[in-house]
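Trainee:
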């Protein structure tokens, strides 16, 4: 093992651990010495990562792949000791910029143990804790890291059972001057609800970070679309917003069109599966194109709105077009028909 590490150390910059073997009794252990319940601690990575100082990206998932009929829930358990050791191992990587601890049963106490080490790190740019189980208390631990970390730019907390308390904790951290200058915040698939989303929206009105926000599938309620659109009107720094898989409906789509008319900074907006109308989607596309190019004809929006007695049959065209593609003007269409 030492020889392999010495050989690979100068050339290893990225390390991906997709599974970790659970503890097994050594072959030399006597049968009567084997415990009835195996410990859930995994290998101590400190001694491995200490020998790989050039690593800039590290990804790890606790668990096993393709276990078949030997499946056991113990294969996917993580101990707090594992996270303490992992935190110490990360501190050995003086050049690490990207850390992913994902698809693992990381709960509040595990997250707390890991964050206690990350507070002392000064090089991380990307922190990915997606598809874990840190909950509200774990999110508060992450918020503490935001207040002490100088270089963090991207935070991914997808699918972590974060609710109102965790969302408000992270949002409060964003409003403080000593918070890391987060560029992208991903809260996808967390049950934030209306109050949790409101915490994020209040932060976006008061501060200029993040530049990209992902709140897809976060359980919008009846009042949420209107509050969201008010934030879009007042925010002048947000460039990307993902609100897909949240219910807006026709009324929410109307609010969104009105807010996009005043917003001049959004250049990317994901509104898939929000039940807005095709006509509203076309209007939103016009405003996004205006924000990207800085130019918009005065009659573009009015042309995109169909009359009341005109049946809307453009669903397939809307799906086929990209979000940034502009519609052809009626004059261009007539010229094409004449040429044909």
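Numbering (the numbering used here), first residue to last: 1232 to 1571.
The beta carbon of each residue, even a glycine, is placed where N, CA and C say it ideally should be.
1) For residue 1357, collect the residues of the same chain with a Cβ closer than 6 Å to its Cβ; drop the 5 residues on either side in sequence, then sort them by chain order.
2) Considering only the alpha carbon of each residue, which of 1414, 1378 and 1360 lies closest to residue 1353?
3) If you drop the 5 nearest sequence neighbours on each side, which residues of the same chain put their C-beta closer than 7 Å to that of residue 1462?
4) Taking the alpha carbon of residue 1496 as the reference point, which residue from 1470, 1487 and 1482 has its own alpha carbon closest?
5) Closer than 6 Å by C-beta to residue 1417: which residues in its own chain qualify, once you throw out the five before and the five after it? Chain order, please.
6) With a 10 Å radius around its C-beta and 16 neighbouring C-beta atoms as the bar for buried, classify residue 1516 as buried or exposed.
7) Would you grab the beta carbon distance between residue 1331 and residue 1364 for me? Rounded to a whole angstrom, and I think it's under 8 Å.
8) Let me know the beta strand (DSSP E) ranges lying completely inside the region 1364–1399, each 3 residues or longer, listed in chain order.
9) So, with DSSP's three-state summary, where would you put residue 1331?
10) Looking at C-alpha atoms only, which residue of 1293, 1312, 1316 and 1513 is the closest neighbour of residue 1305?
11) Please state if the CB of residue 1335 and the CB of residue 1271 are separated by a distance shorter than 8 Å.
12) Along the chain, where does the alpha helix (DSSP H) that runs through residue 1525 open and close?
13) Taking a contact to mean a Cβ-Cβ separation below 8 Å, would you say residue 1512 touches residue 1502 in this structure?
14) Is residue 1272 helix, strand or coil by DSSP?
15) When you compare each of 1302, 1355, 1296 and 1260 to residue 1289 by their alpha carbons, which one comes out closest?
16) Where does residue 1307 sit, in a helix, a strand or coil, going by DSSP?
17) Quickly, what does DSSP pair residue 1290 with across the bridge? List them, please.
18) Which residue comes first and which comes last in the alpha helix (DSSP H) that contains residue 1482?
19) Given a cut-off of 8 Å, decide if residue 1498 and residue 1479 are closer than it, judged by their beta-carbon atoms.
20) Using 10 angstroms around the beta-carbon of residue 1239, count the other beta-carbons present and answer buried if the total reaches 16, otherwise exposed.
Mentor: Taking the geometry as given:
1) For the purposes of this step, residue 1357 is taken as the residue at position 126 of the chain shown. These residues qualify, in order along the chain: 1329 and 1385.
2) Looking up residue 1353 in the chain shown gives position 122. When only C-alpha atoms are compared, the closest one is 1378.
3) Working through the chain shown from its first residue, we reach residue 1462 at position 231. 1432, 1435 and 1436.
4) Start at 1 with the first residue of the chain shown, and residue 1496 comes out as number 265. Among 1470, 1487 and 1482, the Cα nearest to that of residue 1496 belongs to 1470.
5) The residue labelled residue 1417 in the question sits at position 186 within the chain shown. 1387, 1389 and 1445.
6) Position 285 of the chain shown, counted from the first residue, corresponds to residue 1516. Buried, by the Cβ-count rule.
7) Looking up residue 1331 in the chain shown gives position 100. Looking up residue 1364 in the chain shown gives position 133. The pair is not a contact, with the Cβ atoms about 16 Å apart (cut-off 8 Å).
8) 1385–1387
9) For the purposes of this step, residue 1331 is identified with residue 100 of the chain shown, where counting begins at 1. Here residue 1331 sits in strand by DSSP.
10) To locate residue 1305, count along the chain shown from 1; it is residue 74. Ranking the options by Cα distance to residue 1305, first place goes to 1293.
11) Numbered from 1 along the chain shown, position 40 holds the residue referred to as residue 1271. Numbered from 1 along the chain shown, position 104 holds the residue referred to as residue 1335. Not a contact, by the Cβ cut-off of 8 Å.
12) In the chain shown, the residue the question calls residue 1525 occupies position 294. Where residue 1525 is concerned, there is no enclosing alpha helix (DSSP H), given that its DSSP letter is neither H nor E.
13) One-based indexing of the chain shown puts residue 1512 at position 281. One-based indexing of the chain shown puts residue 1502 at position 271. Yes, they are a contact pair.
14) Your numbering for residue 1272 matches position 41 in the chain shown. Note: residue 1272 maps to coil in three-state DSSP.
15) In the chain shown, counting from the first residue as 1, residue 1289 sits at position 58. Out of 1302, 1355, 1296 and 1260, 1355 has the C-alpha closest to the C-alpha of residue 1289.
16) In the chain shown, counting from the first residue as 1, residue 1307 sits at position 76. The answer is helix: DSSP assigns residue 1307 an H, G or I state.
17) Residue mapping note: residue 1290 aligns to position 59 of the chain shown, counting from 1. Paired residue(s): 1247 and 1331.
18) The residue labelled residue 1482 in the question sits at position 251 within the chain shown. Run containing residue 1482: 1480–1493, per the alpha helix (DSSP H) assignment.
19) Within the chain shown, the letter at position 248 stands for residue 1479. Within the chain shown, the letter at position 267 stands for residue 1498. No.
20) Taking the chain shown and counting its residues from 1, the one referred to as residue 1239 is at position 8. That one is exposed.
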